[in-house]
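Going by this note's numbering, the first residue of the sequence shown is number 2, and it counts up by one from there. Ideal Cβ positions, reconstructed from N, Cα and C, are used throughout, including at glycine.
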Amino acid sequence: MSAPTADRHAADRHVTAARLLKSSAKKSYDPAVDIDWDAPLPADKIWVPEHRVSLYGTELWERMTPEQRVELGKHEACSVASVGLWFEVLLMQRLLKDFYAEDPTTPRAQFALTEVADECRHSQMFARMVHTAGVEPYGPRESIRRLGKLFSVVSWGPAAYGAILVAEEVLDRLQREQAEDERIQPLMRQVNRIHIMEEARHVSFARDEVTRGMAQLSRAELAYQRFVIAYISMFVVRSLINPRVYAAVGIDPAEGRRAALGNPHHHEMIRWAGEKIMPFLDQAGLVGRPGMTWWRRSFLLGES
């Protein structure tokens, strides 16, 4: 890329960041005061729609009582929140690495810090929601947690921000469905509304980073970026439900995980949740060989 083109790309990035900084100044939340954490949890409300529970439609589901189905939904909702918290920590590491390498006075660097501040509050909010629900903070399986330490080492540029988009937009699709569903716990709905509002800025920033970053890649770099984003995305979506949730309703975790991974309803839920982000990544050029095996295993393409 020529020097004038590179300078123009950098300037455009700062224009986007400046716009998002203004939006952040106008509308941000503090979950510590904007959520009534002392409000009772209504006994007649659920945590997630039944058709979004990983075992919905399986033989195991048919054996469960209505109470067990609600309980499993609560544990899965808290698993998704705690895995979201884990990935937000990885996102903050990536943003701080980018900030470390940049002029701290630029709008792009300033927005990176603003997003880190947002994600700190979101992580606290998710953790407090899980605690209020009386559920353990499952997070990902330990093997995936260890792999996560490599995220900011092996991923950068479009793949890093693309993987961030997969995590954010899959979660956003699920949250938007639940935010206006009056059957859902009021606490869960308020957490979802706050996260939806503030993540919209983060999604805009990440999409911009992907689009501009892709224009600078060589063929070899493109192949690496395609592999990395597919590999990370597969682990992210398969980690949303920690197998330990099944023990809460008397199901062996290994049996529950096998049933969920083989469940067409669960596959369709993941494909549906990725319906907005996958066309963007495909158009950007990030969906392709050598990453296709991992994309298919993620269920985001609607294939097992």
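Inset, instruction - Within its chain, find whatever has a CB closer than 7 Å to the CB of Pro-108; leave out the 5 residues flanking it on each side and keep chain order. - result: His-15, Ala-18, Ala-19 and Leu-22
Inset, instruction - Return yes when the Cβ of Val-237 is within less than 9 Å of the Cβ of Phe-88, no when it is not. - result: yes
Legend entry - For Ile-47: DSSP bridge partner residues: Ile-185
Inset, instruction - On a CA-only basis, which of Pro-159, Arg-64 and Glu-137 is nearest Ser-80? Give me that one, please. - result: Glu-137
Inset, instruction - Mind checking which residues open and close the alpha helix (DSSP H) that includes Ala-164? - result: 158–180
Inset, instruction - At 4 residues or longer, and completely inside the segment 222–290: list those alpha helix (DSSP H) runs for me, N to C. - result: 254–262, 265–274 and 278–285
Legend entry - Secondary structure of Ser-153, DSSP reduced to three states: helix
Legend entry - the segment 227–242 / the segment 280–299 touching (three or more Cβ pairs under 8 Å): yes
Legend entry - Cβ shell of Asp-119 (< 6 Å), same chain only, five flanking positions each side left out: Glu-199
Inset, instruction - Identify the continuous alpha helix (DSSP H) that holds Gly-58 and give its terminal residues. - result: Counting along the chain, Gly-58 falls outside any alpha helix (DSSP H), and DSSP gives it neither H nor E.
Legend entry - Beta-carbon proximity list for Met-293, same chain, < 8 Å, skipping 5 on both sides: Ala-231
Legend entry - Inter-stretch contact (C-beta, 8 Å, three-pair minimum) for the segment 180–190 and the segment 198–217: no
Inset, instruction - From the DSSP output, in three-state form, read off Glu-68 for me. - result: helix
Inset, instruction - Please classify Ala-102: does DSSP put it in a helix, a strand, or coil? - result: coil
Inset, instruction - Check whether the Cβ atoms of His-267 and Ser-83 sit closer than 9 Å, and answer yes or no. - result: no
Legend entry - Ala-274 burial status per 10 Å Cβ neighbour count (16 or more: buried): buried
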